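Q: Below is the structure I would like to discuss, written out as structure tokens.
Number of protein chains: 2
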Amino acid sequence: MHEYPRPMVTVDVVIFTLRENDLQVLLVRRRNPPFAGMWAIPGGFVDIDEPLEAAARRELEEETGVRDVHLEQFHTFGDPGRDPRGRTITVAYLALVRADQVRPRAGDDAAEAGWWSMRALPPLAFDHDRILACALEHLRQRLKCFAVPPGLLPDTFTLNELQSVCEAILGEKMDRQTFRRKVLAAGVLQETGGYRRVDGRPAKLYRVRSAR
Amino acid sequence: MHEYPRPMVTVDVVIFTLRENDLQVLLVRRRNPPFAGMWAIPGGFVDIDEPLEAAARRELEEETGVRDVHLEQFHTFGDPGRDPRGRTITVAYLALVRADQVRPRAGDDAAEAGWWSMRALPPLAFDHDRILACALEHLRQRLKCFAVPPGLLPDTFTLNELQSVCEAILGEKMDRQTFRRKVLAAGVLQETGGYRRVDGRPAKLYRVRSAR
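The listed protein sequences derive, respectively, from chains A and B.
The first sequence stops at residue 286 when you use this note's numbering, and every number in between is there.
The second sequence stops at residue 286 when you use this note's numbering, and every number in between is there.
In structure tokens, the structure reads:
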């Protein structure tokens, strides 16, 4: 029954952060073939009795030391030919972190781990350029709905801080007044009642309105 | 190299339609074990050299006769134990169709095919109740962004027709004026200039504004 040839199944984890208002991604340099020495998204094979998200967390921690992040599955890539070892289907996850929350270190199959600007990526192993492009597009789509991307901001933040995050993700500057009007109209924020002094002037602090 | 045990990989296709303002899903009755005789989402095994979306289209047509629909991948399910035959990872797709566009007929592994109301589903094979719930949540999330769900409406439509689609998906009635204000403010529609007489009164016709 069903003794067809079976594909290999892997997970990949795209970790984005913001450093000096630049959107950056966590990459690892591969120790082993195929693509040995090339940079890649952290990831690896799913154990036969392991849930997909557990595999993603395990690979991420083994290769980069990063743990305790909110992972969101965003797409599964399975084109024949994407892996020279044979048919491999990869379930891709996405996480947003604050750069000061994680201190990447290489481990296991990774010779090196580090942040790369999305605007100056090295050549990547497999179809990882396509996976990164898809992850970014996924983020951008969500932003068009004014859903505040979780993870990149502290619990309370100013509208300027939120705008910086949005601009880094969208890759474009936005008019300050238009941004404020749209975001506030979307009804996804609530005022905390608190203020932070920015350049000597008080700026209102907001938090994400909790889902009903 | 990598001679670990490999999972099986399948695709499943959730096809939603609107019939008399009720959100319905296309299900097939399984001919073979496991879960023989039970209703399930159309789907099946991915051939070793077949792209994932091609597998989804093939299985959908083989089991239901439905073809030429816009498929969107929405989630991959892979919990150990979800298939009694062994570890099986399924890549799930979603499509929205107009009921008059498809005429389901059973075929291949399906003994029967038909529309079921999302509010009165039969017991389902595998974890297909969870997959359906996830598909519906995916639709609802998108609707919160006022992205008009493609496929359920003709090319031009009235705001009342759009509201019916949204209400069926969200499972709740909405205030007519609030709905209109929100949808128009979202800027996703454009007037066609045309009108349709509804109950003797002219109603403006809209289309989805094309993406930039």
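Just so it is clear, CB atoms sit at the ideal spot from N, CA and C, and this is done for glycine as well.
Values in this document were obtained by computation on a predicted structure and should not be read as measured data.
1) Pairing CB atoms from the segment 193–211 of chain B with CB atoms from the segment 102–122 of chain B, are three or more of them under 8 Å?
2) Is there a Cβ of chain B sitting closer than 8 Å to that of A/E212, yes or no?
3) Report all residues from its chain with a CB closer than 6 Å to the CB of B/H202; omit the five preceding and five following residues, and keep chain order.
4) Hey, A/D121 and A/A129 are a contact pair by Cβ (cut 8 Å); roughly how many whole angstroms apart?
5) Given B/V143, which residues of its chain have a CB within under 6 Å of its CB, disregarding the five upstream and five downstream residues?
6) Could you give the first and the last residue of the continuous alpha helix (DSSP H) run that contains A/Q175?
7) Please state whether the Cβ-Cβ distance between B/E124 and B/A184 is less than 8 Å.
8) Reducing DSSP to helix, strand and coil, say where A/D203 ends up.
9) Return no unless some Cβ of chain A is closer than 8 Å to the Cβ of B/T266.
10) Would you mind telling me which residues of chain B sit closer than 9 Å to A/H149, beta carbon to beta carbon, in chain order?
11) Have a look at B/Q264 and A/P276 and give me their C-alpha separation to the nearest angstrom.
12) Return the chain-ordered list of same chain residues with a C-beta closer than 8 Å to the C-beta of A/G225, the five sequence neighbours on each side being excluded.
13) Do B/V99 and B/M192 come within 8 Å of each other at the CB atom, strictly closer than that value?
14) Tell me whether B/F151 is buried or exposed, calling it buried when 16 or more other Cβ atoms sit within 10 Å of its Cβ.
15) Among all the DSSP beta bridges, which residues are the ones paired with A/L226?
16) Just to confirm, are B/E146 and B/Y167 a CB contact at a threshold of 8 Å?
17) Between the alpha carbons of A/R286 and B/F253, how many angstroms are there, rounded?
18) Could you list the residues in the segment 164–177 of chain A with a C-beta less than 8 Å from some C-beta on chain B, going in chain order?
19) With DSSP run on the structure shown, which of helix, strand or coil describes A/V282?
20) Could you name the residues of the same chain whose beta carbon sits closer than 7 Å to that of A/E235, not counting the 5 residues immediately before and after it, in chain order?
21) Let me make sure I understand the geometry here. Which of B/F231, B/E246 and B/P158 has the alpha-carbon closest to that of B/P108?
22) Can you name, in chain order, every residue of its own chain whose Cβ lies under 7 Å from the Cβ of A/R105, other than the five neighbours on each side?
23) Residues of the segment 79–90 of chain A with a CB closer than 9 Å to any CB of chain B: list them in chain order, please.
24) Residue ranges of each beta strand (DSSP E) run of no fewer than 3 residues wholly in the segment 112–136 of chain A, ordered along the chain?
25) Taking 6 Å as the limit between beta carbons, can you name the residues of its chain near B/V176, skipping five residues before and five after?
26) Is there at least one Cβ from chain A nearer than 8 Å to B/R132's Cβ?
27) On a CA-only basis, which of B/A209, B/V262 and B/Y280 is nearest B/R270? Give me that one, please.
28) Can the beta-carbon of A/G188 be found closer than 8 Å to that of A/L101?
29) Quick check on DSSP: helix, strand or coil for B/E94?
30) Using C-beta distances below 6 Å, list every residue in its chain close to A/S284, excluding the 5 sequence neighbours before and after it, in chain order.
31) What's the gap between the Cα of A/L213 and the Cα of A/I243?
32) Please look up how many angstroms separate the CB atoms of B/V165 and B/L126, rounded, as I've assumed it's under 8 Å.
33) Pick out whichever of A/G118, A/R93 and A/K256 has its Cα sitting closest to the Cα of A/G181.
34) Can you tell me whether B/E246 is buried or exposed? The criterion is at least 16 other CB atoms within 10 Å of its CB, across all chains shown.
A: Let me lay it out:
1) yes
2) Sequence check: residue 212 of chain A is His here, not Glu. With 8 Å as the cut-off, A/H212 does not count as an interface residue toward chain B.
3) Excluding residues within five positions, the ones whose Cβ falls inside 6 Å are A114 and I115.
4) 7 Å
5) Excluding positions up to five away in sequence, the list reads A169 and V171.
6) Segment: none, A/Q175 is in no alpha helix (DSSP H) and carries neither H nor E.
7) no
8) helix
9) Using beta-carbon distances, B/T266 does not count as an interface residue toward chain A, since no partner is under 8 Å.
10) Q147 and T150
11) 40 Å
12) V143, H144, A169, L170, V171 and R172
13) yes
14) So B/F151 counts as buried.
15) Note: A/L226 sits in no beta bridge, so no partner.
16) yes
17) Note that A/R286 scores 44 on pLDDT, short of 50, meaning its location in the model is unreliable; the coordinates nonetheless yield the value given after this. Their Cα atoms are separated by approximately 19 Å.
18) V165
19) Secondary structure of A/V282 (DSSP, three-state): strand.
20) L227
21) B/P158
22) D183, A184 and A185
23) P79, R80, P81, M82 and V83
24) 117–119
25) V140
26) no
27) For B/R270, the closest C-alpha among the options B/A209, B/V262 and B/Y280 is that of B/Y280.
28) Pairing A/G188 with A/L101 gives a Cβ-Cβ distance under 8 Å.
29) coil
30) So no residue of the chain qualifies.
31) 7 Å
32) 5 Å
33) A/G118
34) exposed
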